[in-house]
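So the structure is just underneath, and the comments pick up after that.
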């Protein structure tokens with residue numbers, strides 16, 4: 037397989053950490069797309085893929101040839117509603133109370149853009165997450181930690197909120213924000229490269 041230089045189109049510390057933990061060398065370039073240009077009434081798998089493609093292609097057009105831009109977007113879905121990142125304490129509280137004692141889905145769309153020829157490919161992964169019942173004290177303590185505010189659904193499974201989860205069906209790394217296996221398989225199939 038040919039050598040490649042990867043660019044991660046994300047400021048997510050969790051995505052960065054996942055790639056670093058795998059020994060992947062990459063640069064970071066953050067996209068400034070307006071996420072509101074993708075309608076939230078799309079099915080979640082299309083919504084996250086569209087956002088990932090927009091992020092990746094917006095970065096890919098300005099970074100020269102010979103790179104592979106990896107982009108991703110993650111949302112939580114409960115009862116058909118796409119839930120993004122909370123905007124304030126009340127929004128975080130609403131999200132956590134809604135997820136408490138229930139099962140929801142985490143969708144991550146991902147894309148890869150080859151900056152040499154402009155080729156793009158995308159995919160998505162979905163994981164079911166089961167929350168145990170949360171009491172008001174746990175919710176308030178978690179909100180006070182400020183942890184919910186940069187995470188889809190208002191929680192991060194890899195941190196303190198891992199205590200809220202009593203099971204998952206699917207890819208753990210998808211819930212963290214980057215389904216490594218599915219991404220790597222797409223890269224091998226479409227670009228003959230690997231992470």
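In the working numbering, the protein residues as written are 37 to 231.
No residue lacks a Cβ here, since even glycine has one placed at the ideal position from N, Cα and C.
Please tell me whether residue i and residue j are closer than 8 Å, where the distance is taken between their beta carbons.
{"i": "residue 184", "j": "residue 122", "result": "yes"}
{"i": "residue 140", "j": "residue 160", "result": "no"}
{"i": "residue 91", "j": "residue 83", "result": "no"}
{"i": "residue 207", "j": "residue 217", "result": "yes"}
{"i": "residue 182", "j": "residue 137", "result": "no"}
{"i": "residue 107", "j": "residue 128", "result": "no"}
{"i": "residue 192", "j": "residue 50", "result": "yes"}
{"i": "residue 110", "j": "residue 156", "result": "no"}
What distance in whole Å lies between the Cβ atoms of residue j and residue i, which are believed to be in contact at a cut-off of 8 Å?
{"i": "residue 148", "j": "residue 227", "result": "6 Å"}
{"i": "residue 162", "j": "residue 201", "result": "Contact flag wrong, Cβ pair sits at about 16 Å."}
{"i": "residue 175", "j": "residue 225", "result": "In fact, because the Cβ distance is near 42 Å, the residues do not count as touching under 8 Å."}
So, for residue i: in the same chain, excluding its five sequence neighbours on each side, which residues have a beta-carbon less than 7 Å away from its beta-carbon?
{"i": "residue 131", "result": "119, 122, 189, 190"}
{"i": "residue 55", "result": "44, 62"}
{"i": "residue 37", "result": "Note that residue 37 has pLDDT 37, beneath the 50 cutoff, so the model's placement of it is unreliable and no number is given."}
Mind checking residue i: buried by the 16 CB within 10 Å criterion, or exposed?
{"i": "residue 48", "result": "buried"}
{"i": "residue 86", "result": "buried"}
{"i": "residue 145", "result": "buried"}
{"i": "residue 177", "result": "exposed"}
{"i": "residue 172", "result": "exposed"}
{"i": "residue 135", "result": "buried"}
With a threshold of 8 Å on Cβ separation, who are the neighbours of residue i within its own chain once the five nearest residues in sequence on each side are excluded?
{"i": "residue 104", "result": "40, 41, 42, 43, 148, 149, 150, 151, 223, 227, 229"}
{"i": "residue 196", "result": "178, 181, 183"}
Could you pull out every residue in the same chain whose Cβ sits closer than 6 Å to the Cβ of residue i, ignoring the five residues on either side in sequence?
{"i": "residue 203", "result": "166"}
* Please determine if the stretch 62-76 and the stretch 94-102 are in contact, where contact requires at least 3 C-beta pairs separated by less than 8 Å. => yes
* May I ask you to verify whether the stretch 70-77 touches the stretch 207-214, counting CB pairs closer than 8 Å and requiring at least 3? => No: fewer than three Cβ pairs fall under 8 Å.
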